[in-house]
Amino acid sequence: MTEQTLSIIKPDAVERNLENDIKNFFEKNNLKIIKTKKVKISKEESSDFYKVHQTKPFYIDLCNYLSSGPIVVMILEGENAVKKNRQLMGATDPKKAEEGTLRKMYGLSIDKNSIHGSDSIENAKIEINFFFK
Ligand code: CDP
Ligand code: MG
């Protein structure tokens, strides 16, 4: 089934000029970028975006981080896009990510792991609406 999902190139990857490499990787793997923009969000916006994690010990650092510099947000579209994107990203911790995944290739650490991707069709809709309403 053709789906849409939200992807974010996080500040560590934007800072290292990985935007084009990551976009090419998605396109090569049959996820089409149908909308994209570079933005810098506020602490309030990042706290809202990541509110599902508000009880986690890493929440404050995570929100500070996502709002620390420019990010690139994208709507990806393709067959099973949500799951496909999660597979292409790899595990949250780059040290545990499989060979050939974005986080294995580019992630620096569990917090600076270069990329975000929606984890369900339902959350994809919410996250797409957050950035592209
Ligand atoms: O991004 P993903 O869905 O793989 O992981 P998550 O469990 O939803 O966590 C969201 C983000 O929080 C991760 O991508 C990490 O950047 C960060 N995180 C962290 O800094 N420390 C952890 N122990 C777990 C997650
Ligand atoms: Mg997640």
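Per this note's numbering, residue 174 is the first one in the sequence shown, and the count goes up by one each step.
Think of the CB as a built atom: it goes at the ideal place given N, C-alpha and C, for glycine as much as any other residue.
Being a predicted model, the structure only gives us computed values, none of them experimental.
Discussion item. Restricting to Cα atoms, I'd like to know which of D185, K201, N253 and I233 is closest to H289.
Written reply: Residue 289 sits at position 116 when you count from the first residue of the sequence shown. Checked all of D185, K201, N253 and I233; the closest Cα to H289 is D185.
Item to complete: Using only alpha-carbon positions, find the residue among K216, V187 and S180 that is nearest to L281.
Response: On the sequence shown, residue 281 is found 108 positions in, with the first residue counted as 1. Checking every option, the nearest Cα to that of L281 belongs to V187.
Discussion item. Let me check you understand the geometry: is the CB of G290 closer than 8 Å to at least one non-hydrogen atom of the ligand CDP?
Written reply: Within the sequence shown, the letter at position 117 stands for residue 290. Flag set: Cβ of G290 near the ligand CDP.
Practice prompt. Would you list the residues sitting across from L249 in a DSSP beta bridge?
Written response: Counted from its first residue, the sequence shown places residue 249 at position 76. Checking the DSSP bridge columns, you'll see L249 partnered with T178 and I206.
Item to complete: Look up K211 in the DSSP assignment and give the residues it is bridged to.
Response: Here the question's residue 211 lines up with position 38 in the sequence shown. BP columns for K211 point to V245.
Worksheet entry | Check: N237 C-beta below 8 Å from any heavy atom of the ligand CDP | Working through the sequence shown from its first residue, we reach residue 237 at position 64. For the ligand CDP, not one heavy atom lies less than 8 Å from the Cβ of N237.
Worksheet item: Hey, how far is the Cα of S241 from the Cα of D284?
Response: In the sequence shown, counting from the first residue as 1, residue 241 sits at position 68. In the sequence shown, counting from the first residue as 1, residue 284 sits at position 111. The straight-line gap from Cα to Cα measures roughly 13 Å.
Worksheet item: Do L275 and I207 have their C-beta atoms closer together than 9 Å?
Response: Numbered from its first residue, the sequence shown carries residue 275 at position 102. Numbered from its first residue, the sequence shown carries residue 207 at position 34. No, they are not a contact pair.
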